[in-house]
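Working notes, structure below.
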Amino acid sequence: MTINALGNSLSTAQRVLQTRTPDANFFDAFKTAYGQFESTRHPQPAAETSTSVSISPLAQALGQTHMEMASRRGINTQDEEAFAGILNRAYSSGGMEDPAAFLKTLSREDLGVIQRVHSLGAEINPAGLGKESAYNLLLPDGYSVDFNHDGMEDMGEGRGIHFPPRDAPQAVVDAWNTATQGMDEIDLLSYSMVMHGYIHGISIGDGPATGGMDSSNIDSYRAAVGNYLDMLERLRGQLPAGQYENDQPFFDKLRTLLG
-14 MTINALGNSL STAQRVLQTR TPDANFFDAF KTAYGQFEST RHPQPAAETS
36 TSVSISPLAQ ALGQTHMEMA SRRGINTQDE EAFAGILNRA YSSGGMEDPA
86 AFLKTLSRED LGVIQRVHSL GAEINPAGLG KESAYNLLLP DGYSVDFNHD
136 GMEDMGEGRG IHFPPRDAPQ AVVDAWNTAT QGMDEIDLLS YSMVMHGYIH
186 GISIGDGPAT GGMDSSNIDS YRAAVGNYLD MLERLRGQLP AGQYENDQPF
236 FDKLRTLLG
């Protein structure tokens, strides 16, 4: 997987909810793109200048999804450039082998950059972070790791979900993307959480999740959709106004797309 690997046809919200695990090619691609960015700040003589790219070197390094989210958050160019520099240091020095240790080497100013770029409410305390929490702080939006395969990503002191799961059959991913194309972002998040709960189970408090399904089997998704549609019919008269009318068409369409 390389920078900008996710399809441009997906909306920003779809791509944010479909983060992917970076492989070794991702880090190599980032370092190459960052080197191009650095060369634009310290240009070489004309004969040595590389061919220009269609998007800015900084955007090439951080990726489409990250730049779109940075624009939404109002992140300034100075912070984006500083963040890219931090990532380059981490990727070039073996810092991702022990990301919490790498974060401990950063100044308070650098940690503040990471906090602002990821729009985190709490200050980053590297001493209290596990590997997943620290690792995700050192990735641009659009990429994340899920080391314990629970369908969630720890980042700093926060947690987020991704859906569809990384091991979902391609037919599930295609059906989901078709069904959610052009969808309001609040609805997309709501439906993603519904399906996430069916597939990964529900955890109460600090206990392990229970009631999950095999995320690698398309029949799990068919069953989840069927269960939700059955619930809508069974409780139709008790649902908040408008929920049945909103949810039933979507899940019925998804059921058809899943075959």
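Residue numbers (our numbering): -14 to 244. Backbone N, C-alpha and C fix where the C-beta goes; we use that ideal spot for every residue, glycine too.
Next item on the list: Give me the Cα-Cα distance between residue 37 and residue 19, rounded to the nearest whole angstrom.
Entry: Interpretation of residue 37 is limited by its pLDDT of 41, a score under 50 that renders its predicted location unreliable; the figure taken from the coordinates is listed afterwards. When rounded, the distance between both Cα atoms is 14 Å.
Notebook entry, point to check: Is there contact here, the region 10 to 18 with the region 132 to 139, by at least three beta-carbon pairs under 8 Å?
Noted result: no
Next item on the list: State the beta-bridge partners of residue 99 as determined by DSSP.
Entry: Per DSSP, none; premise fails for residue 99.
Check: Can you name the start and end residues of the alpha helix (DSSP H) that residue 171 belongs to?
Finding: 170 to 185
Item checked: Distance, residue 152 Cα to residue 203 Cα -> 10 Å
Next item on the list: Figure out for me which residue from 121, 116, 239 has the closest Cα to the Cα of residue 213.
Entry: 239
Checklist line | Residue(s) in a DSSP beta bridge with residue 81 | finding: Answer is none; residue 81 lacks a bridge partner.
Next item on the list: Tell me whether residue 198 sits in a helix, a strand or coil according to DSSP, three-state version.
Entry: coil
Note to self: Among 99, 85, 186, 86, whose alpha-carbon lies nearest the alpha-carbon of residue 55?
What the structure shows: 99
Check: Nearest-angstrom Cα distance between residue 132 and residue 9?
Finding: 16 Å
Checklist line | Assigned secondary structure, residue 218 (DSSP; H/G/I helix, E/B strand, else coil) | finding: helix
Checklist line | For residue 23, the three-state DSSP class (helix, strand or coil) | finding: helix
Notebook entry, point to check: Does the region 100 to 108 come within contact of the region 161 to 171, defined as at least 3 CB pairs closer than 8 Å?
Noted result: no
Check: Secondary structure at residue 109, three-state DSSP: helix, strand or coil?
Finding: coil
Check: In whole angstroms, what separates the C-alpha of residue 96 from that of residue 226?
Finding: 45 Å
Check: Quick one: what does DSSP say residue 115 is sitting in, helix, strand or coil?
Finding: coil
Next item on the list: Reducing DSSP to helix, strand and coil, say where residue 203 ends up.
Entry: helix
Note to self: For residue 144, count the other beta carbons within 10 Å of its own beta carbon; 16 or more makes it buried, fewer makes it exposed. Which is it?
What the structure shows: exposed
Check: Under 9 Å between the Cβ atoms of residue 119 and residue 88?
Finding: yes
Checklist line | CA nearest to the CA of residue 60, picked from 205, 175, 126, 149 | finding: 126
Checklist line | Where the alpha helix (DSSP H) through residue 159 begins and ends | finding: 155 to 165
Check: Does the Cβ of residue 18 lie closer than 8 Å to at least one heavy atom of the ligand NAP?
Finding: The ligand NAP is not part of this structure, which contains no ligands at all.
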